[in-house]
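K.L.:
Here the protein sequences line up with chains A and B, keeping their order.
The numbering of the first sequence is our numbering, which starts it at 1 and goes up by one.
The numbering of the second sequence is our numbering, which starts it at 270 and goes up by one.
This is the structure I want to talk about, given as structure tokens.
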Amino acid sequence: MTVTPSRIQVKSSTPSDGRTDYIHIKDYGFWYGEKKALDAITLTIPERQVTAFIGPSGCGKSTLLRNLNRMNDLVDHVRHEGDITVDGRSIYDPTVEVISLRRRIGMVFQKSNPFPKSIYENVVYSLRIAGVSDRSVLDEVCESSLRRAALWTEVKDRLQDSALGLSGGQMQRLCIARAIANRPEILLMDEPCSALDPIATGKIEELIHELKTQFTIVIVTHSMQQAARVSDRTAFFYLGKLIETDLTEKIFMNPAQAQTEAYISGRFG
Amino acid sequence: MGRLIHVGGISVIVAVLGMLVFLVAEVLPLFSSAKVNPLPAVHLAAPVGSLVGVDEYGELPHVCLADGTLNFYHVDGKLMKTWKADLGGRKVTASRRDDRAGIIALGLSDGSIAEVRLGYRTKFDSANQRTVEADPSLLGIQAVGKASAVDSVWVVRAPGSRLYVVRQTEAGVSRLVGVRVTERKGLGGKVRNTPGEPFTLGIGDVAIDSELVANTADMVLAISKTNEVVVFSDTGDGFKKVQSFHPLADLPGAKITSAGLVAGDVTAVFGSNQGTEHIWSLYPQKQSDGRMLRRWGHIRDGKPLAGAALGFAAATANKSYLLVTDQSMELRHLTTGSQRWEGPAVNGFRQAFLSRNHDMLSVVDGQGDLQRWSLVDHHPEAGWEAFFGKVWYEGATGPEYVWQSSSGNDEFEPKFSLVPLIYGTFKGTLFAMLFALPIALLSAIYVSQFLKPNVKSVIKPMMEIMASLPSVVLGFIGGLWLAPLVDGHLVGLLACVLALPTAGLLFGATWARFPLSVRRHIPPGREFLALIPIVVLAGWLAWTSAPAIESALFTVADPGTGLPVADFREWWRQATGLTYDARNSVVVGFVMGFAVIPVIFTIAEDALSNVPTSLVSGSLALGASRWQTVWRVIMPTALAGVFSAVMIGFGRAVGETMIVVMATGNTPVMEMNPFNGMRTLSANIAVELPEAPLGHTHYRALFLGACCLFLLTFILNTAAELLRQRLRERYKVV
């Protein structure tokens, strides 16, 4: 796909009143066994903005995203160096429970992964595991989460049906509703639209716009148009290194690095 | 290639169906009734009062006339031989055949009894044709009663003595007179007979109508004109009246018109003129003074007869008997109460008898001719009632489920209830599953979800090796090593069974509360390293404190010495009143559980591992702990697979043979007592098939057991598969 920068419509970045270094990644390196996946990444992610990670496959953008909520802990033989702080506190702090960290950092996966349960139970899953059993609270959270995920009107009459009967786009929005039901501070999205059709993609992108007023969103995407449409800031990764990060507008219109320019103009990737 | 696969698939189906057909074909004869076909009648024209009999092969009927003449006829009616017993001018006034001994007893006009042996010789001529020749001989004449005519005669042979009984009428009252002749073998092999004193048995002034003398020579049942049955018994010091009963007490106006003892001589069948049948049997009953004594008691009433009872004939080969009424002939079986055959009435019935081989049924009609039927009834003792119902066996105190197929005694009646075996099958399975299910499922969860993959890659093949252990080895270990070990260290073992899971669970519960700084030293997936010392310690504590526990909780008085002993086994016997066997269900549970664990583990682990990682990460990303993820996401998703793992383990336990054969006492008892054995359907087949005669009821009953096993596993597997399909549909993952 060749896209020239001029053809990409870049929206103007909205001013944020949040901290600019809400997530601070410092000299972060990461290994899968002997293979170095991330090399000395230093990056700040501002609060209540959308930050997009772009780059060719294998560049480490998903790895970095998955490290933000320590999902990579589950993989064998991994190690890291450097540090990541969220709101000033290291996610590797020994007094931090991984579980509470993940409650604060929601995640939406590339492939929608609703549980084989009802729509309702999918949405309130995070409350259930936190021990909430008050029906009125659950109902309330279910409705508000589905509304914010723009799914309420489509599923309100069949909340008890299996989530697996939904369409692909609906499933992904259900996963978003499930992730925000917990009221996390940060929402990580790992190529959330890669398996969706353009209409569903449009809906998710609108949703991201809505959600960034409340959540700090980090999105990994393969689609540069998407990055341009939804993000305030963009970080370009290549071969495990952060090449460039700046306002999305700047990256797409006037990248500082030649590699960035080559990537967004479609010369490789 | 495609065709080859078709052929293979179809031959598998054909093979399975063929097995089923074979099983059913072996079993079906058990449920067929007797096949009875008329044979040509033999024209004998025996005069009234004469005795008619047939040899073992039914080829040479004979008639015994009042002057002691024996006429032997060919079945086509030709007179073959005439022989006359030298009775010294006395007349025969009563007679009785003893087919078992091949002797006829003749009651004579002077109160004595003559015994005639019906010797038969089988000859083969040059054309290899078999002919049977009669060679009768008079054995002797024994004086018994007073010098008057005998109304009825009995000679009964017991080991060491013969009992001669006659019924004589004097001044209108019938009484029984008997003599016991003791046989003593001298050193030279010569038998010396010593007749005892004659004795008289009467019921006051009430006339005795008929009597039954048991072949055991120790019991006489006198049936009075008033339908009272008086039991005289000889326990070594002469006959004494021990009991009397009225079989027709609740039938006013009815009359006992036929009575007889069924083979084994502890059950009497009374037929009345009103077409009712009453069965009384000798079994231990509690007396008013608390003693258990063998007395006659009412077992049940048979199905109503088609007409008034006229005659009775017992089979010698089994517990069948023929009741002849004025409307029908009814061949019945005592134990199962089933009607094997119903035939037409015989005109002017006089006598009936069943051949020794249970292959011919003969009736003497009013013309004195012999009506004959061929009889094919290989499995009279079989039937639904016998295999699945509660049956009141002779000598038992009530109806029960019993499997007891053989014994050292010829009088023994085989008992083929499959219920104790089905019970045992489920009991063994239950104990095995109680042990195996928690271990197999929890370890499958642990290995698939918590363990580091490199440890898992060692554990899984180990479990698979465990699955491939031959069950005969496990049974051997269970029977010869584990059972004595469990027997000796029962309390320690039970304490371990309690302590190990408790310690594990407690550790798990407290581990989550340990500060992170401690837990960080153990990487996730290696927590079992911290658990090992805890479990070892708990096991050691339980094991070493067992003697203290035993003496604190299970001290009872030794039944032998009366001194207190700390012995759980004795305590169990006394506290529960149940038995304790060294080879018991707990041992089977351990060993069979050991065989079942790897089966369930392997399949369940696969099912759990196959849950998509996207679901696992989805749950973890929402802040769920691994345990929550297991229970709320992985288990429901893998439920279908886990369920089939459980069912396959269940099927393995149901069909397991060698372990049960070797590690239990194979006692077909029906008790949920964990400390006695059981016998399963499969073990039963393995143990008894080598000793079951081909085509015999026992042999077919074993195949019926196999059929039940087949059906059981078939139903279980089908139900499990249907349920599995539904579960899979419900938790289908995109």
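Don't be surprised by glycine CBs; every beta carbon is placed ideally from N, CA and C.
Keep in mind it's a predicted model, so treat the numbers as computed, not measured.
So, at 6 Å on beta carbons, what are the nonlocal neighbours of A582/B in its own chain, with the 5 sequence-adjacent residues on each side left out?
P.N.:
L591, A621, F622, L623
K.L.:
Figure out for me which residue from P802/B, D478/B, P753/B has the closest Cα to the Cα of V857/B.
P.N.:
P753/B
K.L.:
Output, in chain order, the set of chain A residues within a Cβ distance shorter than 8 Å of Y1000/B.
P.N.:
P116
K.L.:
Is the beta carbon of V218/A less than 8 Å from the beta carbon of L242/A?
P.N.:
no
K.L.:
Relative to the C-alpha of L232/B, which residue among N942/B, G652/B, D634/B is closest?
P.N.:
What the structure shows of chain B is the stretch from 270 to 1003, and residue 232/B is not part of that stretch, so it cannot be assessed.
K.L.:
Are the CB atoms of A578/B and G540/B nearer to each other than 8 Å?
P.N.:
yes
K.L.:
Taking the DSSP output, what are the residues bridged to G447/B?
P.N.:
V434/B, F468/B
K.L.:
So S70/A and F215/A are supposed to be a Cβ contact under 8 Å. How far apart are they, rounded?
P.N.:
The sequence as given places Arg at residue 70/A; Ser does not occur at that position. R70/A to F215/A, Cβ: 18 Å. No contact.
K.L.:
Locate the alpha helix (DSSP H) running through N986/B, then write down its first and last residues.
P.N.:
966-999
K.L.:
Kindly indicate which residue of R838/B, L891/B, R619/B has the alpha-carbon position closest to the one of G106/A.
P.N.:
L891/B
K.L.:
Quick one: grab the DSSP three-state call for A427/B.
P.N.:
strand
K.L.:
For F109/A, which residues in chain B fall below 8 Å Cβ to Cβ?
P.N.:
S883, S886, G887, A890
K.L.:
From the beta carbon of K725/B, is the nearest beta carbon of chain A less than 8 Å away?
P.N.:
Among the residues facing chain A, K725/B is not included, as its CB has no counterpart in that chain under 8 Å away.
K.L.:
How far does the alpha helix (DSSP H) with I274/B in it extend, from its first residue to its last?
P.N.:
271-296
K.L.:
Please state whether the Cβ-Cβ distance between I525/B and S550/B is less than 8 Å.
P.N.:
no
K.L.:
Helix or strand or just coil, what does DSSP make of G571/B?
P.N.:
coil
K.L.:
Taking only beta-carbon positions, decide if R782/B is within less than 8 Å of chain A.
P.N.:
no
K.L.:
Who does R399/B pair with in a DSSP beta bridge?
P.N.:
F393/B
K.L.:
Do we get a CB-CB distance below 8 Å when we pair S894/B with the residues of chain A?
P.N.:
yes
K.L.:
Checking contacts by CB at 8 Å: is Y715/B closer than that to chain A?
P.N.:
no
K.L.:
Use the C-beta contact count for M288/B: other C-beta atoms within 10 angstroms, 16 or more gives buried, fewer gives exposed.
P.N.:
exposed
K.L.:
Less than 8 Å between C-beta atoms, sequence neighbours within five positions excluded: which residues of the same chain meet that for G617/B?
P.N.:
D634, G635, Q636
K.L.:
Excluding sequence positions up to five away, which residues of its chain have a Cβ less than 7 Å from the Cβ of V743/B?
P.N.:
Sequence inspection shows Leu at residue 743/B; the Val mentioned does not correspond to that position. Same-chain partners within the cutoff: V860, F863, A864, I928.
K.L.:
Counting only C-beta atoms, is L798/B closer than 8 Å to chain A at any point?
P.N.:
No, L798/B does not count as interfacial toward chain A.
K.L.:
Please tell me whether M189/A has its Cβ less than 8 Å away from any Cβ of chain B.
P.N.:
The beta carbon of M189/A does not come within 8 Å of any beta carbon belonging to chain B, so the residue lies off that interface.
K.L.:
Please return the same chain residues whose Cβ sits closer than 7 Å to the Cβ of P405/B, not counting the five positions on each side in sequence.
P.N.:
L339, W352, V385, R386, L387, G388
K.L.:
Counting only beta-carbon separations shorter than 8 Å, does P905/B have a partner in chain A?
P.N.:
yes
K.L.:
Step through the CB atoms of chain B and report whether any lies within less than 8 Å of the CB of L74/A.
P.N.:
Yes, its Cβ sits closer than 8 Å to a Cβ of chain B.
K.L.:
Across the stretch 325-336 of chain B and the stretch 651-671 of chain B, are there enough close Cβ pairs to call them in contact, namely three or more that are closer than 8 Å?
P.N.:
no
K.L.:
Please report whether the beta-carbon of M224/A lies at a distance below 8 Å from any beta-carbon of chain B.
P.N.:
When Cβ-Cβ separations below 8 Å define contact, M224/A makes no contact with chain B.
K.L.:
What residues in its chain sit with their C-beta under 8 Å from that of S740/B, if we drop five residues either side in the sequence?
P.N.:
A864, E925, T926, M927, I928
K.L.:
Do L445/B and A491/B count as a contact pair if the criterion is CB distance below 8 Å?
P.N.:
yes
K.L.:
Enumerate, from N- to C-terminal direction, the unbroken alpha helix (DSSP H) stretches of 4 or more residues contained entirely within the stretch 213-255 of chain A.
P.N.:
224-230, 248-253
K.L.:
When you compare only the Cα positions, how much space is there between A989/B and T698/B?
P.N.:
16 Å
K.L.:
Which same chain residues end up closer than 7 Å to L292/B when comparing Cβ atoms and leaving out the 5 residues on each side of it in sequence?
P.N.:
By the criterion of a C-beta distance shorter than 7 Å, L292/B is surrounded in its chain by F972, A975, C976, F979, once the five residues flanking it on both sides are discounted.
K.L.:
Give me the residue from D595/B, K696/B, V825/B, S589/B with the minimum Cα distance to G580/B.
P.N.:
D595/B
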